[in-house]
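Engineer:
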Amino acid sequence: MTAPRFSVVLHLPDARGIDAQSVRSWVAQDLARERFEVVAVTDGRDRATERRVPPLLGSPDSLLRFPRATRAELFDRGARAASSSSSPNRTASRSRRS
Amino acid sequence: MDRFLSATGAPAAFGPLAALDAGALSRLDGRCNLDGFALYHAPDDWRKLNVHSCALRRTEYLAAGGFRTHYGVFSEMLLADALWRRGVRPVRADVPAVAHLFSGSPPDVKAYQRDVVAGELRYHREHPRGPHIGHTFVADGDPPWGEHELAWAALRALWGERRRLGTGRARRQAWRVLKLAAREGRAGRLLDHLKIHLAAGACRLIGSRPPLARRLFLAMWATAARLARKEYLATELPHECRAPRAVEFTVDELPARDLWGFHLPERWNGLPVRWTGPCAVVRLPRPVGPCEIALQTNGVGWSLAGRGLAVYADGRRVADADVIVETEVVRVRLPALEGAGPLVLATACAPPDCDDPRELGFPLFAVALRACAAPALPVAA
Numbered sequence: 006m007t008a009p010r011f012s013v014v015l016h017l018p019d020a021r022g023i024d025a026q027s028v029r030s031w032v033a034q035d036l037a038r039e040r041f042e043v044v045a046v047t048d049g050r051d052r053a054t055e056r057r058v059p060p061l062l063g064s065p066d067s068l069l070r071f072p073r074a075t076r077a078e079l080f081d082r083g084a085r086a087a088s089s090s091s092s093p094n095r096t097a098s099r100s101r102r103s
Numbered sequence: 002m003d004r005f006l007s008a009t010g011a012p013a014a015f016g017p018l019a020a021l022d023a024g025a026l027s028r029l030d031g032r033c034n035l036d037g038f039a040l041y042h043a044p045d046d047w048r049k050l051n052v053h054s055c056a057l058r059r060t061e062y063l064a065a066g067g068f069r070t071h072y073g074v075f076s077e078m079l080l081a082d083a084l085w086r087r088g089v090r091p092v093r094a095d096v097p098a099v100a101h102l103f104s105g106s107p108p109d110v111k112a113y114q115r116d117v118v119a120g121e122l123r124y125h126r127e128h129p130r131g132p133h134i135g136h137t138f139v140a141d142g143d144p145p146w147g148e149h150e151l152a153w154a155a156l157r158a159l160w161g162e163r164r165r166l167g168t169g170r171a172r173r174q175a176w177r178v179l180k181l182a183a184r185e186g187r188a189g190r191l192l193d194h195l196k197i198h199l200a201a202g203a204c205r206l207i208g209s210r211p212p213l214a215r216r217l218f219l220a221m222w223a224t225a226a227r228l229a230r231k232e233y234l235a236t237e238l239p240h241e242c243r244a245p246r247a248v249e250f251t252v253d254e255l256p257a258r259d260l261w262g263f264h265l266p267e268r269w270n271g272l273p274v275r276w277t278g279p280c281a282v283v284r285l286p287r288p289v290g291p292c293e294i295a296l297q298t299n300g301v302g303w304s305l306a307g308r309g310l311a312v313y314a315d316g317r318r319v320a321d322a323d324v325i326v327e328t329e330v331v332r333v334r335l336p337a338l339e340g341a342g343p344l345v346l347a348t349a350c351a352p353p354d355c356d357d358p359r360e361l362g363f364p365l366f367a368v369a370l371r372a373c374a375a376p377a378l379p380v381a382a
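Quick mapping for you: the protein sequence lines, in order, are chains A and B. So for the first sequence, our numbering puts the first residue at 6; every next one is plus one. So for the second sequence, our numbering puts the first residue at 2; every next one is plus one.
#1: Could you tell me which whole alpha helix (DSSP H) segments of length 4 or greater appear in the region 171-259 of chain B?
#2: Taking the C-alpha atoms as reference points, what is the distance between Ala13 (chain B) and Pro72 (chain A)?
#3: When you compare only the Cα positions, how much space is there between Arg101 (chain A) and Asp35 (chain A)?
#4: Which same chain residues end up closer than 7 angstroms to Ile207 (chain B) when comparing Cβ atoms and leaving out the 5 residues on each side of it in sequence?
#5: Please list, in chain order, the chain B residues whose beta carbon lies closer than 7 angstroms to that of Asp81 (chain A).
#6: Alpha carbon to alpha carbon, how far is His101 (chain B) from Ala19 (chain B)? Give it in angstroms, no decimals.
#7: Which bits of chain B does Ser89 (chain A) rub up against, with CB to CB less than 8 angstroms?
#8: Quick one: does Asp22 (chain B) have its CB under 7 angstroms from some CB of chain A?
#9: Do you know whose CA, among B:Met221, B:Cys355, B:Tyr313, B:Cys280, lies nearest Ala175 (chain B)'s CA?
#10: Comparing C-alpha positions only, which one of A:Leu68, A:Phe80, A:Ser67 sits nearest to Leu63 (chain B)?
#11: Within the region 70-97 of chain B, note down every full beta strand (DSSP E) run reaching 3 residues or more, in order along the chain.
#12: Can you say whether Glu254 (chain B) is buried or exposed, counting buried as having 16 or more other CB atoms within 10 angstroms of its CB?
#13: Leu62 (chain A) to Val32 (chain A), Cα distance in whole Å?
#14: I believe Phe75 (chain B) touches Gly16 (chain B) by the beta-carbon criterion, under 8 angstroms. Please report the beta-carbon distance rounded to the nearest angstrom.
#15: Along the region 106-120 of chain B, where does the CB come closer than 7 angstroms to a CB of chain A? Name the residues.
#16: So is Val38 (chain A) in contact with chain B if we call contact Cβ pairs under 7 angstroms?
#17: Tell me which residue opens and which closes the beta strand (DSSP E) that Asp33 (chain B) is part of.
#18: Quick test of your reading: Val96 (chain B) and Phe5 (chain B), contact by CB under 8 angstroms. State the CB separation rounded to the nearest angstrom.
#19: Decide if Gly67 (chain B) is buried, meaning its Cβ has at least 16 other Cβ atoms within 10 Å, or exposed.
#20: Pick out whichever of B:Leu26, B:Ala351, B:Pro364 has its Cα sitting closest to the Cα of Ala203 (chain B).
#21: In whole angstroms, what separates the C-alpha of Thr7 (chain A) from that of Asp45 (chain B)?
#22: Does Glu78 (chain A) get closer than 7 angstroms to chain B when you measure Cβ to Cβ?
#23: How about Leu69 (chain A) and Ala86 (chain A): do their beta carbons lie closer than 7 angstroms?
#24: Name the chain B residues that come within less than 9 angstroms of Thr47 (chain A), Cβ to Cβ?
#25: Can you list, in chain order, the residues of its chain with a C-beta nearer than 7 angstroms to that of Arg69 (chain B)? Leave out the 5 residues immediately preceding and following it.
#26: With DSSP collapsed to three states, give me the class of Phe15 (chain B).
#27: For Val44 (chain A) and Ser12 (chain A), which I take to be in contact (beta-carbon distance under 8 angstroms), what is that distance rounded to the nearest angstrom?
#28: Are Leu296 (chain B) and Leu365 (chain B) close, meaning C-beta to C-beta below 7 angstroms?
#29: Would you mind reading off the limits of the beta strand (DSSP E) that contains Arg308 (chain B)?
#30: In chain B, what lies closer than 7 angstroms to Thr54 (chain A) by C-beta?
#31: If the cut is a Cβ gap below 9 angstroms, which residues of chain A does Val74 (chain B) touch?
#32: What in chain B is Cβ-close to Arg10 (chain A), meaning under 7 angstroms?
#33: Alpha carbon to alpha carbon, how far is Pro18 (chain A) from Gly271 (chain B)?
#34: Rounded to the nearest angstrom, what separates Thr47 (chain A) and Tyr124 (chain B) at their Cα positions?
#35: According to DSSP, what are the bridge partners of Arg393 (chain B)?
#36: For Glu371 (chain B), which beta-bridge partners are listed by DSSP?
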């Protein structure tokens, strides 16, 4: 299996109630699914988000939990854990299809 | 984005961003942020790498050191700066458009500013000599250091020398210092909280359209930045600030944030100089062990003899015998001073009898610190 070309680092503590919408939007890009992964990162403060998000993720995606990590730490750990060559850094939001 | 990066071979790209609408504060926050990002997107601006809509080759991210997380959200600017210095030039992509939900609520604005301002101030404390980052989140020239250190040093010197300075003059200067100290104290912070919530309430009331709403919203962000700075200064421990065995600063090398009670910079025969007021304070790296501090006056202006120059180090008066006034220099001998933070040196003297409308102390050209050898032990006969 080849590494995805893109990793989307998704900062869930910034979701502001649209975490599910945001994840759905990111996993539904028109780029071939094996070409990108979503690395969702969370600081462990919002258990409801952590329950809601995993069923929405696809097989290349992951949800990483770093308790009490700051925003910068979450982005950094997400980027370091990513397996692609490019890491678009993203806050939780909806993406329009590219 | 895939097609775009493949076609251009660019190591980094930034794309368009849209703001989702979740009420008046959210709209205002989105609009202000988008206006700010538009500045970053100018061709020669190095700040293109904001995390809302960008892609970066992972190898470049790792080679630039990634986010320096110790500096919080300010690490975004540090990364953008590091990448720019490495020659990485993010290119503009028309796709994908990313939509972001901005909040603009007081708790979110305060939390963001607390993180980014603390990170910036910590960076400045730990890198006093740069590299300088050409972006600040701190409001309107507020210094990244606590002014209360300088303020308390000035107050002690003013109180100790009130007779020499004249009660009226000492009182006027003390009033200036107290205003400064009060702004940074608990009352000032409470007032900032109140201002932020009042501004947010007014924006909710009048909606996001009127120009007044935008002004109020921007004022709320600035107040949150000021509050964040005060909170950081109230909680962060003093940093280590050790001087080498010998070091000299010309007065223009001393940052304005480390000076209090000085008149504006001038030049004398091509050399930078600043006149002190009757009371002035300078913050310096802390010498290790006993030392001599030379305040270079170059013999300019009115003699200090007979004007009762007093020097305070960390709020304690230095004995007159250890303050030696020479024609071109004032030498101050100090014992080893305990403490972790910088050394705060205050001077007070009666103004000269002259026509200058300013209240003058003495001209300062440079400050030199030199560690002294420990005194020789008495040798038994």
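Glycine included, every Cβ here is placed at the ideal spot set by N, Cα and C. Model, not experiment: these values are computed from the prediction.
Structural biologist: Result, derived from the coordinates:
#1: 187-207, 212-236
#2: Along the second sequence, read from residue 1 onward, the residue named residue 13 (chain B) stands at position 12. Along the first sequence, read from residue 1 onward, the residue named residue 72 (chain A) stands at position 67. Between Ala13 (chain B) and Pro72 (chain A), the C-alpha separation is close to 30 angstroms.
#3: Walking along the first sequence from the start, residue 101 (chain A) turns up at place 96. Walking along the first sequence from the start, residue 35 (chain A) turns up at place 30. Note that Arg101 (chain A) scores 38 on pLDDT, short of 50, meaning its location in the model is unreliable; the coordinates nonetheless yield the value given after this. Between Arg101 (chain A) and Asp35 (chain A), the C-alpha separation is close to 10 angstroms.
#4: Counting from one through the second sequence, the residue named residue 207 (chain B) turns up at place 206. Excluding sequence neighbours, Ile207 (chain B) sits near Leu213, Ala214.
#5: Sequence index remark: in the first sequence, residue 81 (chain A) carries index 76 (1-based). By Cβ distance, chain B contributes Gly67, Phe68, Thr70.
#6: Stepping through the second sequence from its first residue, residue 19 (chain B) is reached at position 18. Stepping through the second sequence from its first residue, residue 101 (chain B) is reached at position 100. Rounded to the nearest angstrom, the two C-alpha atoms are 6 angstroms apart.
#7: Here residue 89 (chain A) refers to the residue found at position 84 when the first sequence is read from its first residue. Near Ser89 (chain A) (Cβ distances below 8 angstroms), the residues of chain B are Arg59.
#8: Position 21 of the second sequence, counted from the first residue, corresponds to residue 22 (chain B). So, not an interface residue.
#9: In the second sequence, counting from the first residue as 1, residue 175 (chain B) sits at position 174. When each option's Cα is compared against that of Ala175 (chain B), the closest is B:Cys280.
#10: On the second sequence, position 62 is the one that residue 63 (chain B) refers to. Checking every option, the nearest Cα to that of Leu63 (chain B) belongs to A:Phe80.
#11: none
#12: Within the second sequence, the letter at position 253 stands for residue 254 (chain B). So Glu254 (chain B) ends up on the exposed side.
#13: Working through the first sequence from its first residue, we reach residue 62 (chain A) at position 57. Working through the first sequence from its first residue, we reach residue 32 (chain A) at position 27. Between Leu62 (chain A) and Val32 (chain A), the C-alpha separation is close to 7 angstroms.
#14: Locating residue 75 (chain B) in the second sequence gives position 74, counting from the first residue. Locating residue 16 (chain B) in the second sequence gives position 15, counting from the first residue. About 23 angstroms; that fails the 8 angstroms criterion.
#15: Of all residues in the region 106-120 of chain B, Asp116 have a Cβ within less than 7 angstroms of some Cβ in chain A.
#16: Locating residue 38 (chain A) in the first sequence gives position 33, where the first residue counts as 1. Per the sequence shown, the amino acid found at residue 38 (chain A) is Arg instead of Val. Not an interface residue.
#17: One-based indexing of the second sequence puts residue 33 (chain B) at position 32. First, the amino acid is wrong: residue 33 (chain B) is Cys here, not Asp. Not the beta strand (DSSP E): Cys33 (chain B) falls in the alpha helix (DSSP H), residues 25-41.
#18: For the purposes of this step, residue 96 (chain B) is taken as residue 95 along the second sequence, with counting starting at 1. For the purposes of this step, residue 5 (chain B) is taken as residue 4 along the second sequence, with counting starting at 1. Their Cβ separation, rounded to whole angstroms, is 7 angstroms, which keeps Val96 (chain B) and Phe5 (chain B) in contact under 8 angstroms.
#19: Within the second sequence, residue 67 (chain B) is the residue found at index 66, counting from 1. Label assigned to Gly67 (chain B): buried.
#20: In the second sequence, the residue the question calls residue 203 (chain B) occupies position 202. The residue with the shortest Cα to Cα distance from Ala203 (chain B) is B:Leu26.
#21: Residue 7 (chain A) sits at position 2 when you count from the first residue of the first sequence. Residue 45 (chain B) sits at position 44 when you count from the first residue of the second sequence. The alpha-carbon atoms of Thr7 (chain A) and Asp45 (chain B) are separated by roughly 37 angstroms.
#22: Numbered from its first residue, the first sequence carries residue 78 (chain A) at position 73. Taking Cβ atoms only, chain B reaches closer than 7 angstroms to Glu78 (chain A), which makes this a yes.
#23: Position 64 of the first sequence holds residue 69 (chain A). Position 81 of the first sequence holds residue 86 (chain A). The answer is yes: Cβ separation under 7 angstroms.
#24: Stepping through the first sequence from its first residue, residue 47 (chain A) is reached at position 42. Simply none; closest approach about 16 angstroms.
#25: Your numbering for residue 69 (chain B) matches position 68 in the second sequence. Hits under 7 angstroms: Ser76, Leu79.
#26: On the second sequence, position 14 is the one that residue 15 (chain B) refers to. It is a strand residue.
#27: Residue 44 (chain A) sits at position 39 when you count from the first residue of the first sequence. Residue 12 (chain A) sits at position 7 when you count from the first residue of the first sequence. Between Val44 (chain A) and Ser12 (chain A), the beta carbon gap of about 5 angstroms places them in contact (Cβ cut-off 8 angstroms).
#28: One-based indexing of the second sequence puts residue 296 (chain B) at position 295. One-based indexing of the second sequence puts residue 365 (chain B) at position 364. Yes, Cβ-Cβ distance for Leu296 (chain B) and Leu365 (chain B) is below 7 angstroms.
#29: The sequence position of residue 308 (chain B) within the second sequence is 307, counting from 1. Unbroken run through Arg308 (chain B): none, as it is neither H nor E.
#30: Position 49 of the first sequence, counted from the first residue, corresponds to residue 54 (chain A). Within 7 angstroms Cβ-Cβ: nothing; Thr54 (chain A) doesn't reach chain B, min ~14 angstroms.
#31: Position 73 of the second sequence, counting from 1, holds the residue named residue 74 (chain B). What Val74 (chain B) touches in chain A: Thr75, Arg76, Ala77.
#32: Along the first sequence, one-based indexing puts residue 10 (chain A) at 5. Those are Asp3, listed as they occur along chain B.
#33: In the first sequence, residue 18 (chain A) corresponds to position 13, counting from 1. In the second sequence, residue 271 (chain B) corresponds to position 270, counting from 1. Pro18 (chain A) and Gly271 (chain B): Cα-Cα distance of roughly 56 angstroms.
#34: By one-based count along the first sequence, residue 47 (chain A) stands at place 42. By one-based count along the second sequence, residue 124 (chain B) stands at place 123. Going by the C-alpha atoms only, they are around 26 angstroms apart.
#35: In the structure displayed, chain B extends from 2 to 382; residue 393 (chain B) sits before or after that span and is not available.
#36: For the purposes of this step, residue 371 (chain B) is taken as residue 370 along the second sequence, with counting starting at 1. Checking the sequence, you will find Arg at residue 371 (chain B) rather than Glu. For Arg371 (chain B), which the question treats as bridged, DSSP gives the partners B:Ala247, B:Glu293.
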